[in-house]
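In full-length UniProt numbering, the protein residues as written are 1 to 261. The C-beta atom is built at its ideal place from N, Cα and C for all residues, glycine as well.
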């Protein structure tokens, strides 16, 4: 189900009441609203209120809460808590906010079958030892029915050109355009060799708190289908700017969409 929220829906949320009963989690969370409420001078960058909320909401959302609680409880001053909040902002948020280049051509491999031969395309993808950007886009298009995962009436232009009569007959609300292969975890996360190894390792350490392991996405694994969304260019841009996200809906295979500009 798509949902276009009002501007008021994006008002920054303060931390909720302490949801934890266990002493270590309860104590760690209690430090966050205190930091959030203090008007620290000079102003930090990022702001103290943002650092506090990232710490608090990470403690709520991450499966590995004990590790985060231990990290928070081990900080005895505002400066140390701010540094920890900045650490998570840089490694959990900014790593996902990136300006990515255009999607490469669908494929230039001479043995790749045409888009209109879906069965052969499925067999071709299955035979690949691992996916690269082009084959990942092909595989995602097949998985998603050659349309945007969110704007489900928007079909891939190349596929539409070959199958327009069937699409028009089956989908009265059809539209056609360019689709992009969008990575949830960015491609550059393990490809930017100029980035110091220690920094990359710290990013993976932070991501690991959410039960996501480096070996699953290392190398060509970054192109696995679980990490790929088929999106229109505008939704891809929203996603890259952290202005689009999906929230799971209980007992519903379709997630709830929110985005803003």
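Nearest to residue i by CA position, among the options, is which residue?
i           : options              : result
residue 54  : 180, 16, 200 and 225 : 16
residue 155 : 161, 147 and 78      : 147
residue 185 : 23, 224 and 38       : 224
residue 183 : 168, 217, 247 and 18 : 217
residue 207 : 18, 21, 61 and 14    : 61
residue 84  : 167, 44, 241 and 210 : 44
residue 68  : 29, 180 and 36       : 29
residue 262 : 50, 73 and 140       : Any question about residue 262 goes unanswered here, given that the chain covers just 1 to 261.
residue 187 : 22, 34, 133 and 36   : 133
From the DSSP output, read off the bridge partner residues of residue i.
i           : result
residue 228 : 183
residue 141 : DSSP output for residue 141 lists no bridge partner at all.
residue 147 : 155
residue 177 : 156
Does the Cβ of residue i have 16 or more other Cβ atoms within 10 Å, making it buried, or fewer, making it exposed?
i           : result
residue 153 : exposed
residue 215 : exposed
residue 13  : exposed
residue 56  : buried
residue 236 : buried
residue 171 : exposed
residue 71  : buried
residue 22  : exposed
residue 129 : Low confidence applies here, because residue 129 scores a pLDDT of 47, under 50, leaving its location unreliable and the question unanswered by this model.
List the whole-angstrom C-beta distance separating residue i from residue j, where the pair is believed to meet the contact cut-off of C-beta under 8 Å.
i           : j           : result
residue 242 : residue 86  : In fact, because the Cβ distance is near 17 Å, the residues do not count as touching under 8 Å.
residue 131 : residue 220 : 6 Å
residue 231 : residue 150 : 7 Å
residue 169 : residue 228 : The pair is not a contact, with the Cβ atoms about 29 Å apart (cut-off 8 Å).
residue 73  : residue 139 : With 8 Å as the limit, residue 73 and residue 139 do not qualify as a contact, their Cβ atoms being about 44 Å apart.
residue 63  : residue 211 : 5 Å
Length-filtered (4 minimum) alpha helix (DSSP H) runs lying within the region 35 to 77: List check, alpha helix (DSSP H) in window: 48 to 61 and 65 to 73.
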